[in-house]
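Residue numbers (our numbering), protein chains in the order written: chain A, 1 to 344; chain B, 345 to 688. Since the structure comes first, as structure tokens, the remarks are kept for the end.
2 protein chains.
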Amino acid sequence: MWLLDHEQLRSRLGGLFKANGLSAVSTLHVVDSMVETSLRGVDSHGINLFPHYVRSVAAGRINRDPLFRFQVTGSATSLMHADHAVGHHAGAAAMDHAVERARDSGLCAVAVADSSHFGAAWYFAVRAARQDMLGFAFTNADALVKAHNAREPFFGTNPICFAAPLPGEEPLCLDMATSLVAWNKVRERQRTGEPLPPDWAFDAQGVATTVANEARSLNPAGGYKGFGLGMMVELLCSLLSGGPAARELLPMFTSPPEAQRRISHFFLALDPARFGDVGTFKQRLKTMVETIRAMQGMDAEVMVPGDPEKRTWSRRRVQGIPVHDAMLEQFLVVDPDMGKARKA
Amino acid sequence: MWLLDHEQLRSRLGGLFKANGLSAVSTLHVVDSMVETSLRGVDSHGINLFPHYVRSVAAGRINRDPLFRFQVTGSATSLMHADHAVGHHAGAAAMDHAVERARDSGLCAVAVADSSHFGAAWYFAVRAARQDMLGFAFTNADALVKAHNAREPFFGTNPICFAAPLPGEEPLCLDMATSLVAWNKVRERQRTGEPLPPDWAFDAQGVATTVANEARSLNPAGGYKGFGLGMMVELLCSLLSGGPAARELLPMFTSPPEAQRRISHFFLALDPARFGDVGTFKQRLKTMVETIRAMQGMDAEVMVPGDPEKRTWSRRRVQGIPVHDAMLEQFLVVDPDMGKARKA
Chain A
1 MWLLDHEQLR
11 SRLGGLFKAN
21 GLSAVSTLHV
31 VDSMVETSLR
41 GVDSHGINLF
51 PHYVRSVAAG
61 RINRDPLFRF
71 QVTGSATSLM
81 HADHAVGHHA
91 GAAAMDHAVE
101 RARDSGLCAV
111 AVADSSHFGA
121 AWYFAVRAAR
131 QDMLGFAFTN
141 ADALVKAHNA
151 REPFFGTNPI
161 CFAAPLPGEE
171 PLCLDMATSL
181 VAWNKVRERQ
191 RTGEPLPPDW
201 AFDAQGVATT
211 VANEARSLNP
221 AGGYKGFGLG
231 MMVELLCSLL
241 SGGPAARELL
251 PMFTSPPEAQ
261 RRISHFFLAL
271 DPARFGDVGT
281 FKQRLKTMVE
291 TIRAMQGMDA
301 EVMVPGDPEK
311 RTWSRRRVQG
321 IPVHDAMLEQ
331 FLVVDPDMGK
341 ARKA
Chain B
345 MWLLDHEQLR
355 SRLGGLFKAN
365 GLSAVSTLHV
375 VDSMVETSLR
385 GVDSHGINLF
395 PHYVRSVAAG
405 RINRDPLFRF
415 QVTGSATSLM
425 HADHAVGHHA
435 GAAAMDHAVE
445 RARDSGLCAV
455 AVADSSHFGA
465 AWYFAVRAAR
475 QDMLGFAFTN
485 ADALVKAHNA
495 REPFFGTNPI
505 CFAAPLPGEE
515 PLCLDMATSL
525 VAWNKVRERQ
535 RTGEPLPPDW
545 AFDAQGVATT
555 VANEARSLNP
565 AGGYKGFGLG
575 MMVELLCSLL
585 SGGPAARELL
595 PMFTSPPEAQ
605 RRISHFFLAL
615 DPARFGDVGT
625 FKQRLKTMVE
635 TIRAMQGMDA
645 EVMVPGDPEK
655 RTWSRRRVQG
665 IPVHDAMLEQ
675 FLVVDPDMGK
685 ARKA
């Protein structure tokens, strides 16, 4: 296992994407999102994906120099055509547009067509919350979550992400797949051979399995509730933007590397100042958060959404981002000099 | 057990609320929502609550003749002061306002202050969807859901409700508490003495219990995910509208009957026509719904959110709404002539 320095990583990964022709601003967002997401401990959506993204840029799945087109369709709605940009860039541009328009209208929704994988959704919702907005971010994803009562998957892990400004610290942020666990956790156990907990995944017949290699679909979070929430996210993304939906989406890893996936996203920015004093809103939220954190715990401390990520972020900033050997091999294929990013 | 006729029920309950001085329009909404919710099979939020509502009107918790005040605070935001109306009326007025404004702006959010229990959230979201809008409805509720890792409850069952128009049938509707099950299901087993499934509820120490009478808090849906979603709903409702939040709320059943609870709601209406052709949107959704319904099932049919309620509605329209003996006793205290609403 190596420990990588986040600043070294930024410059190495930045150089790598630029060398592959990705525009400066696309590079900025994909690298910033990946490194910050890894610092937050969400390894499934952080730097572990850089070999995939580099290949996607090289093969043409991701447009190196996209031209975004915004259609303002109402005083609180816009449609954005992302021109097959890297999703991190498309999402940041869409959220910035939503925040700017919500300053005028109080609220703005942006549906995004023709994007690609956008990494972790917190990146966009927190971006709005840092500007004193409530931010919401959604995306569709390839079909991996078993439809309730069915044998097979239908929707993707279609995440729901929400962020709100907190005085004196980074925003409150809930960023959750609508499946019980992420597919990446199953993939990790496929590597290690460790058995799955009985409620994570199902085999090809739709029967719960503890054998990682037999897993073909994920359990929705809270049963039919997670399935329903995943459907809501799908509607907001692909059915509004006109993109491919659910099983129409090409799989992320097993499709031809040049195939454009036309992922859809949906963003909302809402200005709390339109409902009352924003200072009061933030102070009440802070008091609520502190009250929850002070509750007596069972086996573990009581936290609010995003607290574990904030702690990991502080620790990894100092100690480095851990990368396990199997992942490291994949890193070295793309960047043989990755060792230069190791912590001193 | 009795079977009650929905039309007879409407007229009996209407007469009862009017006799208690409730305005005609408040009566219309509370009765329509309760009867339709019971027809849909959601007994916890239907006519079973009428004795409670009648007492709340009689005691003054619910304002018999509320005067709503709307503050238009942006081209896509409004704040509504509900003047302690029955929540079913307040919510319908708020959603109608949101839909009307979303026709202009594409999207409108309405936060509602000083309301009361609004029954089942589907009533409002479906109201928007019947007008070709996407509808969202949220409310806070008294603290019954255990905070993740804590011993005690913090947020209420704070539901999330979403509806979208479907050609040729009633709208698609997801209406879910952010707890795994509703408190009412625990209360039902307190009556029958039947043990609880091990994942429903916790005792006063925060330990999972199967003894219904020892249950003091509910399990959030999907663990920390349901807890986080409940927090999101709380922010949208009470922190935006300025009302009491989480444990500040008076409990529904054990507070003095005249105490006004100042429940907060949040509604969104979004016009899909601002993103593309609305006919195409609806047809794609219909195809998606039909594809899911046609999937091979495990032990049960595969359905979309709201399908079980649609079936129960069709059955109960003909066969009547069943009311069990223990509930019937409570009905007869308030309306000794309830027998006149029995199916012929």
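Cβ coordinates follow ideal geometry from the N, Cα and C atoms, glycine included.
With a threshold of 8 Å between beta carbons, Met-477 of chain B makes no contact with chain A.
The Cβ neighbour count for Val-662 of chain B, taken over all protein chains shown within 10 Å, is under 16; the residue is labelled exposed.
The shortest C-alpha to C-alpha distance from Arg-187 of chain A to any of A:Gly-243, A:Gly-119 and A:Ala-326 is the one to A:Ala-326. Residues of the stretch 399 to 424 of chain B with a C-beta less than 8 Å from any C-beta of chain A: Thr-417, Gly-418, Ser-419, Ala-420, Thr-421 and Leu-423, listed in chain order. Interface annotation for the stretch 618 to 629 of chain B against chain A: Arg-618, Phe-619, Gly-620, Phe-625, Arg-628 and Leu-629, criterion Cβ-Cβ distance under 7 Å.
Close CB contacts of Gln-415 of chain B within its chain, under the 6 Å cut and outside five residues either way in sequence, are with Leu-423 (chain order). Taking all protein chains shown into account, Arg-189 of chain A has 16 or more neighbouring C-beta atoms within 10 Å of its C-beta and is therefore buried.
Taking 8 Å as the Cβ-Cβ cut-off, the stretch 480 to 502 of chain B approaches chain A at Ala-491, His-492, Asn-493, Ala-494, Arg-495, Glu-496 and Phe-498, given in chain order. The stretch 134 to 145 of chain A makes contact with the stretch 153 to 165 of chain A, as at least three CB pairs between them are under 8 Å.
Residue state for Ala-548 of chain B is assigned as coil, using DSSP reduced to three classes. Beyond the five residues adjoining it in sequence on each side, Asn-63 of chain A comes within less than 6 Å, by CB distance, of Asp-83, His-84 and Ala-85 in the same chain, given in chain order. Against chain B, a Cβ distance below 9 Å from Glu-301 of chain A picks out Asn-493. In the three-state reduction of the DSSP assignment, Ser-105 of chain A falls in the helix class. Taken in chain order, the members of the stretch 210 to 242 of chain A whose beta-carbon sits within less than 9 Å of a beta-carbon on chain B are Pro-220, Ala-221, Gly-222, Gly-223, Tyr-224, Lys-225, Gly-226, Phe-227, Gly-228, Leu-229, Met-231, Met-232, Glu-234, Leu-235, Leu-236, Ser-238, Leu-239, Leu-240, Ser-241 and Gly-242.
Inter-residue distance for Asn-48 of chain A and Pro-159 of chain A is about 19 Å (C-alpha atoms, whole angstroms). When beta bridges are read from the DSSP output, Gly-418 of chain B appears opposite B:Thr-421. By the 16-neighbour rule on beta-carbons within 10 angstroms, Glu-194 of chain A is exposed.
With respect to Arg-618 of chain B, Thr-77 of chain A sits close: the two C-beta atoms are nearer than 8 Å. Leu-672 of chain B and Leu-348 of chain B have their C-alpha atoms some 11 Å from each other. Along the stretch 596 to 616 of chain B, going in chain order, the ones with a CB nearer than 9 Å to a CB of chain A are Leu-612, Leu-614, Asp-615 and Pro-616. Proximity to Gly-74 of chain A across A:His-88, A:Lys-343 and A:Asp-104 peaks at A:Asp-104, based on C-alpha coordinates. For Leu-249 of chain A, the closest Cβ of chain B is not nearer than 8 Å. Using a CB distance cut-off of 8 Å, Ile-391 of chain B does not count as an interface residue toward chain A. Inclusion of Asp-615 of chain B and Ala-402 of chain B in the CB contact set at 8 Å is not warranted, their separation being larger than that value. At a cut-off of 8 Å between C-beta atoms, Phe-468 of chain B does not count as an interface residue with respect to chain A. Taking C-beta atoms as the reference points, His-45 of chain A and Ala-120 of chain A count as a pair closer than 8 Å.
Two segments are said to touch when three or more pairs of C-beta atoms, one from each, lie closer than 8 Å; by this definition the stretch 464 to 478 of chain B touches the stretch 375 to 389 of chain B. Annotation: Phe-331 of chain A has no Cβ neighbours in chain B at a cutoff of 8 Å; minimum Cβ distance is about 31 Å.
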